[in-house]
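In UniProt numbering, the protein residues as written are 1 to 525.
Here is the structure we will look at.
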């Protein structure tokens, strides 16, 4: 265990950062940049899969102390079933989106975009996501969030259009607010307990005054809730994501909010396991589901519609967390893995639609099933998956969450189950609207006459209408469609991993003893 932990656990963080430095040094050699980026992220995928297999077959939790410092003083990186599963899904998605972006041309520099920016920034984003998933202390988690903020702002404003700069400014302001709340919470946690190590906090937070503990709990939930885009802290997302290039929007939608969800999972299970905020989270999850999907139904642009469905389906994940049961957590973990893949895929398909038709406005789209049948297939499969149509993984994940709610048996849980069913039906309605108007009906407007096309209003970006879509964009998209379908076929084993991860979350002793080295020898000293 010692050797593989020392090598593999830091690799998803260190390798992309090293590759980012190389690609920045090779700013004038785009071919070398591509090779380095693809190679680095491919190695991260292999390392993540290896760690998932080893943690699931082993004791379940392994940790290292960066630089050999003791866990109470240093920076612990922790690999358990939850973190390694998140690493596997996120690394696959980041690699697929990178390949898509290479074919689209984002990495080669659109007009006004320096060729050197995209690759190092994207690799830093990947490192930030991995660092957040592996972090074993609150301050290192904060560092991961700040890495994500810096990288995501650059990616969001690629091209420098007014709409993108405006959206990027909104995103940065909201993210800085989240960071301020989080940093304040960290300072107060340290003042109250004398540590920011999460394993040690799981023990010490139970000893402080209940009122102080509640304040700390709520501060962390607010900070992470902004990152996860839970209602009422989600208004920023639909205005920020749709303006970016398709691959950037796709990776944001797939990963950034899930980092916030992951942090909420750790908060509710490791730091504050008593269920003090479970009722609040239940009602927040209901509001997130319902308000998000009502916003989606009202949209007339595919990117904005998908952005609202993203918000809505965060509510499902928070629902499972709030239940606080093994079944609820298992359903939430499974649904996060499913949703990362499916939501990313849908935004990539939307990018293909935009390239083909010059717009993402439903008024300008139409008859795509006749003119581009492959696009119709690529959209239909993940769309039905997102809507929760049997037998797709979206149906299985929602069924698991709803069954967990029924098993709890409280009035609030039943209300949440009803809200989940309503949200699923409205998701199907919203997706059916896109399917009908974009793929079967005739367009109401010519894209050139639609003021919402080509980036005006910040809803889309200029495209090469009529230009043949590169295979390099289609193949990664089709691969992610296949991954989404594959999750359906391996739902049993994946639910098994999610169940074991949920039990790990509820039984904190192995995590704390491993990180604090009460049970196993120190690694890396």
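Glycine included, every Cβ here is placed at the ideal spot set by N, Cα and C.
For residue i, the three-state DSSP class (helix, strand or coil)
i: residue 41; result: helix
i: residue 61; result: strand
i: residue 66; result: strand
i: residue 443; result: coil
i: residue 109; result: Residue placement at residue 109 cannot be trusted, given a pLDDT of 42 that sits under 50; the coordinates are not used to answer.
i: residue 76; result: strand
i: residue 197; result: strand
i: residue 359; result: coil
i: residue 367; result: coil
i: residue 301; result: strand
i: residue 234; result: coil
i: residue 135; result: strand
i: residue 116; result: coil
i: residue 245; result: coil
i: residue 469; result: coil
i: residue 26; result: coil
i: residue 516; result: coil
i: residue 490; result: coil
i: residue 208; result: coil
i: residue 239; result: helix
i: residue 47; result: helix
Contact under 8 angstroms by Cβ, residue i with residue j
i: residue 130; j: residue 87; result: yes
i: residue 94; j: residue 158; result: no
i: residue 13; j: residue 127; result: yes
i: residue 303; j: residue 245; result: no
i: residue 168; j: residue 78; result: no
i: residue 230; j: residue 318; result: yes
i: residue 515; j: residue 247; result: no
i: residue 268; j: residue 208; result: no
i: residue 336; j: residue 398; result: no
i: residue 427; j: residue 265; result: no
i: residue 363; j: residue 60; result: no
i: residue 210; j: residue 508; result: no
i: residue 413; j: residue 323; result: yes
i: residue 368; j: residue 359; result: no
i: residue 286; j: residue 419; result: yes
i: residue 498; j: residue 333; result: yes
i: residue 311; j: residue 234; result: yes
i: residue 19; j: residue 134; result: no
i: residue 236; j: residue 165; result: no
i: residue 98; j: residue 48; result: no
i: residue 219; j: residue 148; result: no
Environment of residue i [buried if 16+ CB atoms lie within 10 Å]
i: residue 74; result: buried
i: residue 53; result: exposed
i: residue 16; result: buried
i: residue 111; result: Per-residue confidence for residue 111 stands at a pLDDT of 45, beneath the threshold of 50, marking its modelled position as unreliable; the derived number appears in the next sentence. Residue 111 comes out exposed.
i: residue 45; result: buried
i: residue 406; result: exposed
i: residue 39; result: exposed
i: residue 435; result: buried
i: residue 379; result: buried
i: residue 539; result: In the structure displayed, the chain extends from 1 to 525; residue 539 sits before or after that span and is not available.
i: residue 6; result: exposed
i: residue 84; result: buried
i: residue 121; result: buried
i: residue 527; result: The displayed coordinates of the chain run from 1 to 525. Any statement about residue 527 would go beyond what the structure contains.
i: residue 390; result: exposed
i: residue 232; result: exposed
i: residue 421; result: exposed
i: residue 10; result: buried
i: residue 28; result: exposed
i: residue 425; result: exposed
i: residue 377; result: exposed
i: residue 410; result: exposed
Anticipated Cβ contact below 8 angstroms, residue i with residue j, distance rounded
i: residue 375; j: residue 347; result: The pair is not a contact, with the Cβ atoms about 14 angstroms apart (cut-off 8 angstroms).
i: residue 529; j: residue 221; result: No answer is possible for residue 529: the residues shown for the chain start at 1 and end at 525.
i: residue 227; j: residue 260; result: 3 angstroms
i: residue 344; j: residue 491; result: That belief does not hold up - the Cβ atoms of residue 344 and residue 491 are roughly 19 angstroms apart, past 8 angstroms.
i: residue 500; j: residue 81; result: 6 angstroms
i: residue 181; j: residue 144; result: The Cβ separation is near 16 angstroms, so there is no contact.
i: residue 402; j: residue 417; result: 5 angstroms
i: residue 177; j: residue 151; result: Not really, about 18 angstroms apart at Cβ, beyond 8 angstroms.
i: residue 325; j: residue 404; result: 6 angstroms
i: residue 386; j: residue 309; result: 7 angstroms
i: residue 270; j: residue 189; result: Going by Cβ atoms, the distance from residue 270 to residue 189 rounds to 13 angstroms, so no, they are not a contact pair.
Give a yes or no on contact between the region 349-358 and the region 472-486, applying the rule of three or more CB pairs nearer than 8 angstroms.
yes
Can you confirm whether the region 476-489 touches the region 390-397 when touching is taken to mean that 3 or more C-beta pairs between the two stretches lie within less than 8 angstroms?
In the pairwise beta carbon analysis, the region 390-397 is classified as touching the region 476-489: at least three pairs are separated by under 8 angstroms.
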